[in-house]
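Visitor:
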Amino acid sequence: PPLAVMFAGGEPTVRDDIVEIVKMAHDLKYMILLATNGIRMSNEPELVRKLKRAGLNIVYLQFDGLTDSPYQKLRGAKLLPNKLRLVELCRKHDIEIILVPTLQGNINDNEVGDIIRFAAENVDIIRGIVFQPMSFTGRTAEYVSRKDRIDNSLLAQKIQEQTNGMIQEEDLFPVSVMDPPLKVMNTFLEKAWPPFTPTPYCGLWNWILVSKRGKHLFTPINRFLNFEQFMSDLKTLNSVIENKKVSKIGIYLRLFFASFRSLDWRKVQREAGLLNAVKTLVKIHTDPSYDSLGYLRRRLLLIGCMAFMDPYTFDVERAHHCVIHYITPANRIIPFCVYNMFYRKQTEKQFSIPRIKAKHK
4 PPLAVMFAGG
14 EPTVRDDIVE
24 IVKMAHDLKY
34 MILLATNGIR
44 MSNEPELVRK
54 LKRAGLNIVY
64 LQFDGLTDSP
74 YQKLRGAKLL
84 PNKLRLVELC
94 RKHDIEIILV
104 PTLQGNINDN
114 EVGDIIRFAA
124 ENVDIIRGIV
134 FQPMSFTGRT
144 AEYVSRKDRI
154 DNSLLAQKIQ
164 EQTNGMIQEE
174 DLFPVSVMDP
184 PLKVMNTFLE
194 KAWPPFTPTP
204 YCGLWNWILV
214 SKRGKHLFTP
224 INRFLNFEQF
234 MSDLKTLNSV
244 IENKKVSKIG
254 IYLRLFFASF
264 RSLDWRKVQR
274 EAGLLNAVKT
284 LVKIHTDPSY
294 DSLGYLRRRL
304 LLIGCMAFMD
314 PYTFDVERAH
324 HCVIHYITPA
334 NRIIPFCVYN
344 MFYRKQTEKQ
354 FSIPRIKAKH
364 K
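Residue numbers (our numbering): 4 to 364.
1) Closer than 9 Å, CB to CB, is Phe134 near chain D or not?
2) Check whether the Cβ atoms of Leu240 and Ile224 lie closer than 9 Å to each other.
3) Around the C-beta of Asp236, are 16 or more other C-beta atoms found within 10 angstroms, so that it is buried, or is it exposed?
4) Would you give the residue range spanned by the beta strand (DSSP E) that Glu351 belongs to?
5) Count the other CB atoms, across all protein chains shown, that sit within 10 Å of the CB of Glu107; report buried if there are 16 or more and exposed otherwise.
6) Roughly how many angstroms separate the alpha carbons of Asn40 and Ala11, rounded to a whole number?
7) Note down, one range per segment and in chain order, each beta strand (DSSP E) of at least 3 residues found wholly within the segment 127–215.
8) Are there 16 or more other CB atoms within 10 angstroms of the CB of Asn60, so buried, or fewer, so exposed?
9) When we look at the beta-carbon of Trp208 and count the other beta-carbons within 10 Å, is it buried (16 or more) or exposed?
10) With DSSP run on the structure shown, which of helix, strand or coil describes Tyr74?
11) Check the DSSP bridge columns for Gly307 and list the partner residues they point to.
12) Output the residue ranges of the alpha helix (DSSP H) runs that lie fully inside the segment 79–112 and measure 4 residues or longer, sorted by chain position.
13) For Gln368, write down the residues that DSSP places opposite it in a beta bridge.
14) Leaving out the 5 sequence neighbours to the left and right, which residues in its chain are closer than 6 Å to Arg94 when beta-carbon positions are compared?
15) Considering just the uninterrupted stretch of the alpha helix (DSSP H) at Thr239, what are its terminal residues?
16) Considering only residues of the same chain and omitting the five flanking positions on each side of Tyr3, which have a CB-CB separation below 8 Å?
17) List the endpoints of the continuous alpha helix (DSSP H) containing Met27.
18) With DSSP as the reference, label Thr16 as helix, strand or coil.
19) Using 8 Å as the threshold, is the segment 18–36 in touch with the segment 54–72, meaning 3 or more CB pairs across them?
20) Among Phe230, Asn343, Ala122 and Gly217, whose alpha-carbon lies nearest the alpha-carbon of Leu175?
21) Taking the beta strand (DSSP E) that Ile35 falls in, what are its first and last residues?
22) Using only CA atoms, which one of Phe191, Phe66 and Met169 lies nearest to Ala80?
23) Give me, in chain order, the residues of the same chain whose beta-carbon lies closer than 7 Å to that of His96; leave out the 5 immediate sequence neighbours on both sides.
24) Could you say if the segment 124–141 and the segment 303–310 meet the contact criterion of at least three C-beta pairs nearer than 8 Å?
25) My understanding is that Lys215 touches Glu274, with C-beta atoms under 8 Å, so please give their C-beta distance in whole angstroms.
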């Protein structure tokens, strides 16, 4: 079964029953994300409080920059004050945030570094950033321009340039690199997670550790950990697990030794402490949850990119490996990019509520 459910849209907070829907999902023990532009929530503090009580875990917040210009061009309104107000409301109610900038060349690709720095300054409540390069489908299909397209490699370049090299291009890994650690984690779960099968082209990923010496300083976690060595050890461990040649105690020991020989102990000691680092790394794999991160939870920041497909970049192989799906009112499960290109219009036409359709004729 899925581990998490995201309520998206359109804009999910236009529903008067959104609190009840979140409560139902919480009762079913899902982690709950709400993808929102933040307008209603920023204007209605009581709604934020109710959503927290209903079980909302993460606000997946549309966040296109730290100036008015990208909001005016992409959204038609100056929405930055709403975004900043919602960040403070989420902090008040301890609802974690993932910032979701839609990136388009010549509009906000110059604000990538500022967005990362803003997230680092607010790492106590912001858990990460997922950059989403504009996919030219739906309402944006008519605005296709090659010079405005941002892809994974160009985003990596901009991150390096705009963070003054604190995050380098080579620090950003394909999202598919997470497959080995997730397989190890499954060994310790009563209900195994679904296979994590995205292609290397689906996006980029890393975490950065915000320094205790100042929030303007941050370091990708692969600077503390020999990533290639650690992932190789995990792949070997997975082979042993699949052949049922190791006990859980044996898995613990192998994880410990993999961590021991992969970590840069001098850097770890400076930023996290040796014992804390090893305990955290082992616990993440044996009891995968936010709580396993311990005190590091408020210092780790996800830097990610999801490069969704459009008619100009569509790849059937990527669609076959999709890990993000829409569920339609007809109970069809459709890969994310496939839905947006081929099924969204007909689904909306079939299931739109009459009063909403009348309002938008």
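Built from N, CA and C at the ideal position, the CB exists for glycine as well.
Guide: Let's see:
1) Any reference to chain D falls outside this structure, which holds one protein chain only.
2) no
3) buried
4) Unbroken run through Glu351 is the alpha helix (DSSP H), Arg347 to Phe354; no beta strand (DSSP E).
5) Here residue 107 is Gln; the residue named in the question, Glu, does not match the sequence. It counts as buried.
6) Between the C-alpha atoms of Asn40 and Ala11 there is a straight-line separation of about 10 Å.
7) 129–136 and 206–213
8) buried
9) The residue is buried, with at least 16 neighbouring Cβ atoms inside 10 Å.
10) helix
11) Gly307 pairs with Val133 and Trp208.
12) 83–96, all fully within the segment 79–112.
13) Outside the displayed range of the chain (4 to 364) lies residue 368, so it cannot be described from this structure.
14) Ile128
15) Phe230 to Glu245
16) Outside the shown range of the chain, which is 4 to 364, sits residue 3, and nothing can be said about it.
17) Ile21 to Asp30
18) Note: Thr16 maps to helix in three-state DSSP.
19) yes
20) Nearest option by C-alpha distance: Phe230.
21) Met34 to Thr39
22) Phe66
23) Val51, Arg52 and Lys55
24) yes
25) 7 Å
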